[in-house]
Amino acid sequence: MRCGACCCNPDENRAEGFPYYVEVEDPRSRLLSREDLKKRYVVLDPEGMPHLRLDPSGRCAALRGKLGGNVSCAIYADRPRGCRKVEAGSPRCLQARRERGIDPPSVR
Ligand code: SF4
Ligand code: SF4
């Protein structure tokens, strides 16, 4: 909710031309079982593995709001496991913020 940088394709993926980011692992998740959610937010990679759909700028299709400001996730309750791992202030968070040009967060 704080900035959304970790909801964007990381530079490493972009450099490799890889347009997929978070995998949707759980076949029983609502994201995969509800056709409307699947159509809007999920895309298959060339191996057929489901991933979160990204827009052309590399943002997750479920990210709402202005990057770096107040953002929210349109599928928060149904977000995949990978989305739940990043903690604010962690090395991965700070790297994502750096890559998207956002100042480090103030960590309590
Ligand atoms: S599903 Fe939500 S938490 Fe996960 S990358 Fe997309 S916007 Fe971020
Ligand atoms: S975990 Fe870090 S990069 Fe992700 S939204 Fe929070 S502050 Fe931004």
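Numbering (the numbering used here) for the sequence shown: 466 to 573.
Here a beta-carbon is modelled for each residue, glycine too, at the ideal position from N, C-alpha and C.
It should be emphasised that the depicted structure is a prediction, and the values quoted were computed from it without experimental measurement.
| Item | Value |
| --- | --- |
| Output the distance between the C-alpha atoms of Pro492 and His516, rounded to the nearest integer angstrom. | 12 angstroms |
| For the stretch 482-566, which segments carrying the beta strand (DSSP E) assignment without a break, of at least 3 residues, lie completely within its bounds, in sequence order? | 507-509, 515-517, 528-530, 536-538 |
| Counting pairs of beta carbons, one from the stretch 478-485 and one from the stretch 538-548, are three or more of them closer than 8 angstroms? | no |
| Taking one C-beta from the stretch 520-536 and one from the stretch 468-478 each time, how about it: are there three or more such pairs within less than 8 angstroms? | yes |
| Helix, strand or coil for Leu471 per DSSP? | Just to set this straight, residue 471 is Cys in the shown sequence, not Leu. DSSP places Cys471 in helix when its eight states are reduced to three. |
| Which residues bound the alpha helix (DSSP H) around Asp577? | The chain is shown from 466 up to 573; residue 577 falls before or after that span and cannot be answered. |
| Taking only the alpha-carbon atoms, compute the straight-line gap between Leu532 and Glu512 and give it to the nearest angstrom. | 30 angstroms |
| Between which residues of its own chain and Cys548 is the CB-CB distance below 7 angstroms, once the five residues before and five after are set aside? | Val487 |
| Does the beta-carbon distance from Met466 to Val536 come in below 8 angstroms? | yes |
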